[in-house]
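Here the structure comes first, spelled out in structure tokens, and everything after it is commentary.
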Amino acid sequence: MARYTPPPQSKIGQMIDVIVLLILSIGALYIPLWLGLAGSAKTPLTADNPTWESLGQNPTMVERWNQLGFADPASAHDMITARFDYSFTWGAMALMVVVIAGYFALMLRLSEKEYREVIDEKFERR
Amino acid sequence: MADFDITSPTMDGIASHGTKVGLARVLGPAHVWALGVGIVLVGEYMGWNFAVGKGGAYAALIACWFAGILYSCVAMIDSEVTSTVAAAGGQYTQAKHIVGPLMAFNVGLYLVFAYTMLEAGNAITLGYLISEAARMTAGVTDLDQRPFIILSIMFLAWLNFRGVLATLTFNLVITAFAFCAILVLFFASAPWSADSPLAHAELMSGQAALPYGWIGVLAAMHFGLWFYLGIEGTTQAAEEVRSPARSLPFGTLAGIMTLLIAATLTWYICVGFLPWEYLGDGVNGAVAPLFSAAQMTGSNFLIIVLGVGTLFATLASANGCINDASRAWFSMGRDHYLPQWFGAVHPKYRTPYRSIIFLVPIALIFALGAPLDQVITFSILSGLLGYTFMPINIILFRRKWPLDTIKRGYVHPFHPIPAIVLLALCSLTYFAVFLGYGTQLIAMVSFYIVVSLWFHFWRYRFVKRADQFTMPWPKPKGY
Amino acid sequence: MWTFLEYAAWAASAAFALHMIYDWYKTDTTYSEDVLTSSREGEIEAMTEQHKM
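Quick note, the sequences are listed as chains U, B and Y, same order.
Position one of the first sequence corresponds to residue 96 (the numbering used here), numbered consecutively onward.
Position one of the second sequence corresponds to residue 427 (the numbering used here), numbered consecutively onward.
Position one of the third sequence corresponds to residue 10 (the numbering used here), numbered consecutively onward.
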């Protein structure tokens, strides 16, 4: 097999490559944030005139809340009742499995192709 | 390239700035421990408590131990491969030799993003800590955190720029302090005495036991990783360690043991001091849980020790992250996976200086612009993808080069059980991330798919084929 | 006091940044690109370690 000689890359080409990579990576984190799709949305329940009892707090917990600066139940209410929503649809779950499994399958396939080239070239010349 | 010219001041063929410059081999096993534990220990000082928020206190402990198993597998697998493939790229170089170039490119990016995001998370915590100090000492409530965030990143980048030995010796000192601070708080809260301020039974009763039921335990695995994330970074020091085949397995395995102790103690202390709802809210509640626990004791001495401990832990971690991320970026540049411009070594300080500088603004963008749990999730996901790669890696490694074909510095026991356990725990963690942070998971994997296609169809043309395979190994079986 | 510390932090960040940029510039202009990018992976292994059994 003939030895592969890569084309030289110009300074500008190098810079463009870095910029492309940067845009993609910053986009991956910030697009969910901008669209407001980012998870972790914990929503507190609404309740009128909460008491420590109605929030399910025993005396030791109340004492700790006071020590932390939450003097009355109303101030700690939002933090105590905030819960994640773990309900999910099986469709979304299937999508996740497909995306992750597909990603690894794609990557291993293409890697294997490139790897065979590397090994052929490396060990042929010995 | 021209060999050398004795009359030239820069290419005289003598000493370190002769015709070739490489990274300096100056580190011992203690530095490897400091690099590994230093990066991770901050996970006990902040971030792990989101696991409490996702499933409650018991869930966090179960997650902590399952993640402990996951990381023990990671450490064993990593130790075996890296005692053989000793290069600055760490897992990136392993992937390149064992799985293939595209996998290697992805692994390199996992490393860079996991560490850069972790670094950003550290800087955010440091900013919080400084503002808290200002509030407690002078009642200042409107402190601008930005200069302190920027200063921490700039200072550590500068330290890294100036040389690896000073950087990691600094890490050794502050990591040891931060670890001792956890022990001090544990003994000071005297869990064996009757009037101990720890109130596990009361704080974990009723609705607080398992607030989400068992699905919460699963969901908590997401942030359970945070107790240990980054221990695999020890391999990045491979080109700078004096005796990699011995030091790397030793430093890594000692590191994971240290962390198992620190993680369990941390959980025990914090859960005994704080109501889980407060502890689990790492944004508005306990940003730095060990520090919050120290505040609950009311002892000024403990507040100062744990405050300094938190500060040191964030610095040690950010420091190690800059070190590791830049090594990975540098290695990819050296192989032309990224522009070769990044593959430069500073002739005097012997550090990958261009990579170090380049990653500074990226860390700043995320440290100044994104909320802590998002940054952490980004880091965890990159890490998780990396751990999913490891079982594939070790299985192929043993298949292509069976034990009797090349010499290994360390051989991990019970193959392939650790690989299978690791893969199973990774799948579980994907599901845990999916609960509550599904959008980020999909966004992140989509990013890696797009980048992979970009690499395969465009970037790879600039890479020399055979030159990537640098280890003096025989031809792999089956090729 | 804290206002002063804020300014000090800005100043120190700038100093570290400038020093790195200055040193980077100096290094890049003193040494040729060939020398700077002459590091190769696995060179030491090739010389000192025999991965044969």
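Note that beta-carbon positions come from the ideal geometry of N, C-alpha and C, so glycine has one too.
On a predicted model such as this, the values are computed, not experimentally measured, just so you know.
Asked                                                                                                                                                                                                 : Found
State the Cα-Cα distance for the pair M421 (chain B) and I503 (chain B), rounded to the nearest angstrom.                                                                                             : A query on residue 421 (chain B) cannot be resolved here, the shown segment of chain B reaching from 427 to 905 and no further.
Using three-state DSSP, classify L453 (chain B) as helix, strand or coil.                                                                                                                             : strand
Which residues, in chain order, does the region 26–49 of chain Y contribute to contact with chain B at a C-beta distance below 9 Å?                                                                   : A26, H28, M29, I30, D32, W33, T36, D37, T39, Y40, S41, E42, D43, V44, L45, T46, S47, S48, R49
Helix, strand or coil for V599 (chain B), going by three-state DSSP, please let me know.                                                                                                              : helix
Please go through the same chain and pick out, in chain order, the residues whose beta-carbon is closer than 6 Å to the beta-carbon of L811 (chain B), but skip the five residues on each side of it. : Y536
For a contact meaning CB atoms closer than 7 Å, what does F574 (chain B) contact in chain Y?                                                                                                          : A18
Closer than 7 Å by C-beta to W185 (chain U): which residues in its own chain qualify, once you throw out the five before and the five after it? Chain order, please.                                  : none
Can you list the residues of chain Y that I503 (chain B) reaches, using a CB-CB cut of under 8 Å?                                                                                                     : The contacting residues do not exist; I503 (chain B) stays about 19 Å from chain Y at best.
Leaving out five residues on either side along the sequence, give the residues of the same chain with a beta carbon under 6 Å from the beta carbon of R891 (chain B).                                 : none
Take W147 (chain U) as the anchor and find which of U:T176, U:L116, U:V113, U:M191 has the nearest alpha-carbon.                                                                                      : U:T176
Does the Cβ of Q517 (chain B) have 16 or more other Cβ atoms within 10 Å, making it buried, or fewer, making it exposed?                                                                              : buried
Note down, in chain order, all residues in the region 502–529 of chain B with a beta-carbon under 8 Å from any beta-carbon belonging to chain Y.                                                      : T510, A512, A513, A514, G515, T519
Taking its Cβ as the centre, do 16 or more other Cβ atoms sit within 10 Å of I214 (chain U), making it buried, or is it exposed?                                                                      : buried
Residues of chain U with CB closer than 8 Å to the CB of R887 (chain B), please, in chain order.                                                                                                      : P101, P102
Looking at P455 (chain B): is its Cβ nearer than 7 Å to the Cβ of G677 (chain B)?                                                                                                                     : yes
Contact between the region 851–859 of chain B and the region 648–656 of chain B is defined here as three or more beta-carbon pairs at a separation below 8 Å; is this criterion met?                  : yes
Among B:A483, B:I488, B:V478, B:H457, which has the Cα closest to the Cα of L851 (chain B)?                                                                                                           : B:I488
Just to make sure I have the definition right: I need the residues of chain U whose C-beta is within less than 7 Å of the C-beta of G704 (chain B). Which are they?                                   : One detail in the question is off: residue 704 (chain B) reads as Tyr in this sequence, not Gly. Per Cβ cutoff of 7 Å: L163, M174.
I'd like to know whether the C-beta atoms of A540 (chain B) and M529 (chain B) end up nearer to each other than 7 Å.                                                                                  : no
Would you mind working out which of B:V533, B:A549, B:Y694 sits nearest F612 (chain B), comparing C-alpha positions?                                                                                  : B:Y694
Leaving aside the five residues before and after A908 (chain B) along the sequence, list all residues of the same chain whose C-beta is less than 8 Å from its C-beta, in chain order.                : With chain B running from 427 to 905 in the structure shown, residue 908 (chain B) is simply not present.
With distance defined between alpha-carbon atoms, name the residue in B:Y638, B:K903, B:L867, B:Y905 nearest to A63 (chain U).                                                                        : Given a span of 96 to 221 for chain U in the structure shown, any question on residue 63 (chain U) remains unanswerable.
Identify every residue that forms a DSSP beta bridge with V667 (chain B).                                                                                                                             : B:L453
For P701 (chain B), which of B:G515, B:A625, B:R753, B:T660 has the nearest alpha-carbon?                                                                                                             : B:A625
Taking 6 Å as the cut-off, is the C-beta of V192 (chain U) nearer than that to any heavy atom in the ligand MG?                                                                                       : By its list of ligands, the structure shown contains no ligand whatsoever, and the ligand MG lies outside what it can speak to.
Should M202 (chain U) be labelled buried (16 or more other beta-carbon atoms within 10 Å of its own) or exposed?                                                                                      : buried
Which bits of chain U does Y497 (chain B) rub up against, with CB to CB less than 7 Å?                                                                                                                : Ordered by position in chain U, no residue passes the 7 Å Cβ test against Y497 (chain B), which lies about 21 Å from the chain.
Decide if P102 (chain U) is buried, meaning its Cβ has at least 16 other Cβ atoms within 10 Å, or exposed.                                                                                            : exposed
Distance check for F596 (chain B) and F738 (chain B), CA to CA, integer angstroms please.                                                                                                             : 10 Å
Enumerate in chain order the residues of its own chain whose CB-to-CB distance from R825 (chain B) is below 8 Å, with the five nearest sequence positions on each side excluded.                      : K903, G904
Among the residues of its own chain, which have a CB less than 7 Å from the CB of K208 (chain U), if the five just before and after it don't count?                                                   : none
For T57 (chain Y) and chain B, any beta-carbon pair shorter than 7 Å?                                                                                                                                 : The predicted position of T57 (chain Y) is uncertain, since its pLDDT is 47 and thus under 50; a value taken from the coordinates is nonetheless stated next. No, T57 (chain Y) does not count as interfacial toward chain B.
Are the beta-carbon atoms of N548 (chain B) and A744 (chain B) separated by less than 7 Å?                                                                                                            : yes
From the DSSP output, in three-state form, read off T138 (chain U) for me.                                                                                                                            : strand
Are the CB atoms of A460 (chain B) and R906 (chain B) within a distance shorter than 7 Å?                                                                                                             : With chain B represented from 427 up to 905, any question about residue 906 (chain B) goes unanswered, as that position is not in the structure.
Would you say T831 (chain B) lies against chain U (beta-carbon separation less than 7 Å)?                                                                                                             : no
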